[in-house]
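In the numbering used here, the protein residues as written are 1 to 518. For glycine and all other residues, C-beta sits at the position ideal for the given N, C-alpha and C. Computed from a prediction, not measured in an experiment: that's the story for all the values here.
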């Protein structure tokens, strides 16, 4: 693209790259004074309408013609990076599915060991599927750029480290649930002969939609023979395919001190116990250090049990989780939990004790909750807090077509007032439109619905620059946090999936598209 192009030239560049549709570009061109205005004006308008992400817009303005697509998936913006690779939020233009795309850094593309390790991570991920494991959808090398990539399901939210940085520590029951779910994912992989090898807070993702924990990054995983204490090939640095596998220093130090082979699942259980302690107390069980020599010393792991006995009660760890951590981090591997399934059962009993309930029998399913009618009375109603006129019109058209009476206001206070007068069934809060206070409104309305013993399907919409606010959104089984770009199809499916089926039809209500308090 020529330097300092006008809007017309920028439009052609964007269309050639396939970043926006012809209709979207034409719509924006018609809103500009003329096609000779600077191209940056068109890019900013496309960004405001959420047809381009800010990351894409910046690349367009620099004249970059590559790096927008990998393996047919469109990259939207970068969400994480490390020494090994970068992770982008992306989507599948063919289906609209939101994904995470992990890309090997260019500096490692000629390093066969790093390439093999990266591809191995993707292939291992594709071989296992579980609700508490991040699913890998595709792995390969892009034909055009030669870059290696892994496509994974996208988890709205952040990792456990992010959550702890914000909340400092978690209620013991919440911490036990997160570690229990992580152990369930580990149990599934272990049944298929794999251990994780890198359990730590950053590798436990927490979905803001329902608080569910998912293990990610099996790049260091070891292939085991299925029995506790078994290593992969008996070698410290080779797996059964002959690929050199990097081990985290803490795992190497623990396994050297305790005399077990790499791939021993009890090492994963040890570090799950350590993470549980950190969740409940906000303090690492072992002193944080980057000193490799110190992390390899046996005393670092030999002292853990004494540290736990001394600091656990002093930091207020209740007896049930304290007992779980104590067994998980025994220095003698034979005294720890021997399988992930054992740890799952222990955590299940721990949570029951914290609630004052009888611990469930091993393998017993939780009793079903009594059925109650929590559906608000009256026609099925959606309340949207939104300032964007285009989105207002889209909400009215699409949700009314699906049987909703649609109420819209630019004032968050109107959402509170209207719910007190007549509870509605669904809520959309666009924080990108109404500001960061939208998160507080989202949390408040879900709490108000619970206090009234009513179901409310609530969606919090965030702009890209607000993504960190997702960690301030309370976890709720009828709440969802979505980060733009979001298609109307995705939004509809999310709301409809959380609203109970009923025969109410608000599509013909004469007030079905009214403005509430505007």
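The DSSP-derived three-state label of residue 329 is coil.
When rounded, the separation of the alpha-carbon atoms in residue 114 and residue 338 is 32 Å. Across the structure, residue 298 and residue 137 are spaced so that their CA atoms are roughly 40 Å apart.
Runs of the beta strand (DSSP E) lying entirely within the stretch 92-166, each at least 3 residues long, are 98-104, 136-141, 148-153 and 157-159 in chain order. Within the model, the alpha-carbon separation for residue 200 versus residue 178 is close to 12 Å. Between the stretch 451-471 and the stretch 424-438 there are three or more inter-stretch CB-CB distances shorter than 8 Å, so the stretches are counted as touching.
When 400, 434 and 445 are compared, the shortest CA-CA separation from residue 388 is found for 434. Boundaries for residue 53: no beta strand (DSSP E) harbours it, and the DSSP string shows neither H nor E there. For the pair residue 90 and residue 74, the CB atoms are nearer than the 7 Å cut-off. For the pair residue 130 and residue 294, the Cα-to-Cα distance works out to about 36 Å.
Following the DSSP letters along the chain, one finds residue 440 inside the alpha helix (DSSP H) bounded by residues 437-451.
Here the stretch 163-183 makes contact with the stretch 264-284; the two share three or more CB pairs at distances below 8 Å. Contact check for residue 163 and residue 139: beta-carbon distance about 28 Å, past the 8 Å limit, so the pair fails to qualify. Residues of the same chain with a CB within less than 6 Å of the CB of residue 376, apart from the 5 flanking positions on each side, are 423, 425 and 454 in chain order. Of the candidates 19, 4, 414 and 188, the residue whose Cα lies closest to the Cα of residue 67 is 19. By the Cβ test, the stretch 70-86 is not in contact with the stretch 32-48, since fewer than three Cβ pairs between them sit closer than 8 Å. Contact check between the stretch 204-221 and the stretch 463-478: three or more CB pairs, one atom from each, fall below 8 Å, which counts as touching.
By DSSP's assignment, residue 295 forms no beta bridge with any residue.
Taking the CA atoms as reference points, residue 378 sits about 56 Å from residue 336. The straight-line gap separating the alpha-carbon atoms of residue 349 and residue 386 is approximately 45 Å. With a contact defined as Cβ atoms closer than 8 Å, residue 325 and residue 273 qualify at about 5 Å. Comparing C-alpha distances from residue 355 to each of 320, 278, 85 and 149 shows the shortest one belongs to 320.
DSSP links residue 277 through a beta bridge to no other residue. Contact check for residue 195 against residue 268 passes: the beta carbons are separated by less than 7 Å.
As computed with DSSP, residue 383 is found in a beta bridge with 407 and 427.
Contact annotation: residue 416 and residue 457 have beta-carbon atoms that are not nearer than 7 Å. Assignment of residue 454 by DSSP, reduced to helix, strand and coil, places it in the coil class. In the DSSP assignment, residue 417 falls within the alpha helix (DSSP H) that extends over 412-421. Rounded to whole angstroms, the gap between the alpha carbons of residue 14 and residue 346 is 55 Å.
Boundaries for residue 288: no alpha helix (DSSP H) harbours it, and the DSSP string shows neither H nor E there. Inter-residue distance for residue 401 and residue 92 is about 26 Å (C-alpha atoms, whole angstroms). In this structure, the straight-line span from the alpha carbon of residue 497 to that of residue 191 is close to 32 Å.
In the three-state DSSP reduction, residue 499 falls in the coil class, being neither helix nor strand.
One Cα belongs to residue 204, the other to residue 8, and the distance between them is close to 46 Å. Under the DSSP assignment, residue 214 falls in the beta strand (DSSP E) whose first and last residues are 213-215.
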